[in-house]
Amino acid sequence: MATVLSATPGLLKISDAAATAAFVAQLASASPAQRQAQLLTQLRLLADTRINGGERLRVLEALRDTLLEAQHARSREHQGKPVPFDSETREIFERSISLWRAAADAYESLIADMAEAAPDLAEHAEIVCYRALRMAGFAMTAHNRAYHEVPAALWQQLHRLYAFAESAGVTTTPVSEGGGASNVNLAYLQIVLTQRANPDSLSLLQMNTVDRALAQWVALAGISRTPPAKDIDTALAVALDSSEGARRPKNLKGGNLRYLELEQVGGKLRQAAIALKSQSPERLGLGLIGGAECEKLMLSLHALWIMPGTGRVDERKAVSFNVLVSGTLAAMHFNISGKPFVPPDAGLSSRARFEMAGFERVDGPAVGEASVRSRTLETWTVANQSASGILGLCRKPSDITRLTHNQLLGLVAPNGNTYLGFVQRLSVDAEGATWLGFRLLRAKAAAVAARPAEKDHPYDRALLLAAAPGGEPPSILLPPGTWRNGRILDVHHDGKLQHIRLAGLLDSGTNFERAGYTAA
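In this note's numbering, the protein residues as written are -6 to 513.
What follows is the structure, given as structure tokens:
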């Protein structure tokens, strides 16, 4: 049975290294939630005491592994969850962020002690700066994986810590980390490049791939005060007095610039993109991601880190109008067809049809009832648009349409037409508003009924997509779990039955599968 630890306010249990060891031993039998709560309480109490700087560093080092384990366990409860969060998930997320930031602040507080009460701490400046940077970076990553905007205060802290490490001359001093060694430069570069990868446009799997790539290649990067001799417009730089990440120099708002040296990293990205044509991502140390998806990601990182611009080919224009957003296949089917869903067999199973044939009464379901209930829509404002998509904003999102990355959505425009597409970018800002990058499906959609031909499956809603501009073949949108390569479906459209054979899976998300097909 887990030990329930006292959280009595004012009771500091980590006053020195010995007390901290006893406290950590107590935490071993507690749940991750209890460990997280206790650690946060103790770090807040520690911040209000004047324990000797050297002793405080020993306390923090003794807590570190337990803190990382608890945070990792709790992260599973908010990473990739639909936004806006429900109240329980939001509480877990906010507590996790609070603990990362409390740990970063605790390490950073030792910097002031170096100049005042504990000058001997200067001998450990590289550890203090490195640990504080890492904790701030973990807080940023937690925001990324919850699809929340990184607060400006974290960027300010990150740059402030790097600037101090630079002034102390410890940016390249080795620090023990996970059985190996790292340094402030590498930690800072890894954080800056991770954020430059546009995590709000990545799936969790893609974020893992970026982490794996940087673990291999970040040591090839560098930081310099000196601008590059040529092609400065294509360089990346950070402004240490700003509250933002890496930008092209002409787009930076602050001063005190540092330039990122990424030529060798660019070479590795190009090599990986070529190697992926004949080798698996796993073989290249990039994880269990699809080869084509990984190649596309490597090229995207090259554009973001090495080459200027976004690679956008469609012109965007600022607009302001409202659309209605639906997040279920049932609602999209209703909006496209304009009527409740009526299965070709009226929703009755073969057993029910048999009983009816035997003159035994069977009450079928209220046809269309589920469609009507699922029609609920949420109003969003379109901020800009292009031929390939839109940027949408909902200032006060509800739980009507809770969003995940790569979710299928239907947008009902002011003209009454429904447009389909995928959540390509997703971010909740500091005020709680949700921003949505929507990649438009240009194919015309038809609402149909479909079911697997084998056994006795019921009909369900599906959407047939016509061939799209650019040579994209016809496809079908199905409920999750329907697709199997070569599977034959019965499809009813406009009163006619056709049989199709599913081909490759083109895309999938939390609420859909999209597959190619041929006539069966």
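C-beta atoms are modelled at their ideal positions from N, C-alpha and C, and glycine is treated no differently.
By the criterion of at least three beta-carbon pairs nearer than 8 Å, the region 500 to 509 is in contact with the region 454 to 474.
When secondary structure is reduced to three states using DSSP, Gly260 falls in the helix class. For Pro445, the uninterrupted beta strand (DSSP E) segment begins and ends at Ala438 to Pro445.
In the DSSP assignment, Ile85 falls within the unbroken alpha helix (DSSP H) covering Ser80 to Ala108.
Where Asp483 is concerned, the enclosing beta strand (DSSP E) starts and stops at Ile481 to His486. Looking at the DSSP output, Asp500 sits in a beta bridge with Arg507. Here Thr42 is exposed, its C-beta having fewer than 16 other C-beta atoms within 10 Å. Within the DSSP bridge table, the entry for His492 names Asp483 as partners. Under the DSSP assignment, Lys310 falls in the beta strand (DSSP E) whose first and last residues are Lys310 to Ser319.
The region 166 to 228 contains, as complete alpha helix (DSSP H) runs of 4+ residues, the segments 177 to 189 and 197 to 210 (chain order). DSSP, read as helix, strand or coil, puts Glu465 in strand.
Among the bridge pairs identified by DSSP, His141 is matched with Val421. Residue burial annotation: Ser68 is buried, with at least 16 other C-beta atoms found within 10 angstroms of its C-beta. Membership of Leu61 in the alpha helix (DSSP H) is indicated by the continuous run Gly46 to Ser68.
Ile267 and Ser273 have their C-alpha atoms spaced approximately 11 Å apart. Comparing alpha-carbon positions, the option among Glu159, Ser313, His398 and Leu482 lying closest to Thr503 turns out to be His398. Beyond the five residues adjoining it in sequence on each side, Ala55 comes within less than 7 Å, by CB distance, of Ala10, Thr13, Ala14 and Val17 in the same chain, given in chain order. Of the residues Leu490, Gly284 and Leu279, the one whose Cα lies closest to the Cα of Ser271 is Gly284. Between Leu103 and Leu32, the C-beta spacing is not below 9 Å. In this structure, the beta-carbon distance from Gly403 to Met325 falls below 9 Å.
For Leu250, there is no enclosing alpha helix (DSSP H); the enclosing beta strand (DSSP E) has its first and last residue at Leu250 to Glu254.
For Leu147, the secondary structure class from DSSP, reduced to helix, strand or coil, is helix. In the assembly as shown, Lys223 is an exposed residue. Its beta-carbon has fewer than 16 other beta-carbons within 10 Å. In this structure, the straight-line span from the alpha carbon of Phe327 to that of Thr394 is close to 16 Å. In this structure, the alpha-carbon of Leu457 lies about 12 Å from that of Leu482. Excluding the 5 residues flanking it on each side, Thr202 has same chain C-beta neighbours closer than 8 Å at Pro274, Leu279, Gly280, Ile282, Cys287 and Leu290, in chain order. Per the C-alpha coordinates, the member of Pro407, Arg432, Gln378 and His136 positioned closest to Leu413 is Arg432.
Remark: C-beta atoms of Ala436 and Ala406 do not approach each other more closely than 9 Å. Following the DSSP letters along the chain, one finds Thr13 inside the alpha helix (DSSP H) bounded by residues Ala10 to Leu20. Annotation for Arg28: the continuous alpha helix (DSSP H) segment containing it runs Pro25 to Ala40.
Here Asn244 carries a helix assignment [DSSP, helix/strand/coil]. Secondary structure of Tyr412 (DSSP, three-state): strand. The Cβ atoms of Pro25 and Ala66 lie closer than 9 Å to each other.
Assignment of Val163 by DSSP, reduced to helix, strand and coil, places it in the coil class. Counting the other CB atoms within 10 Å of its CB gives Ala206 a total of 16 or more, which places it among the buried residues.
The Cβ atoms of Gly259 and His295 sit closer than 9 Å to each other.
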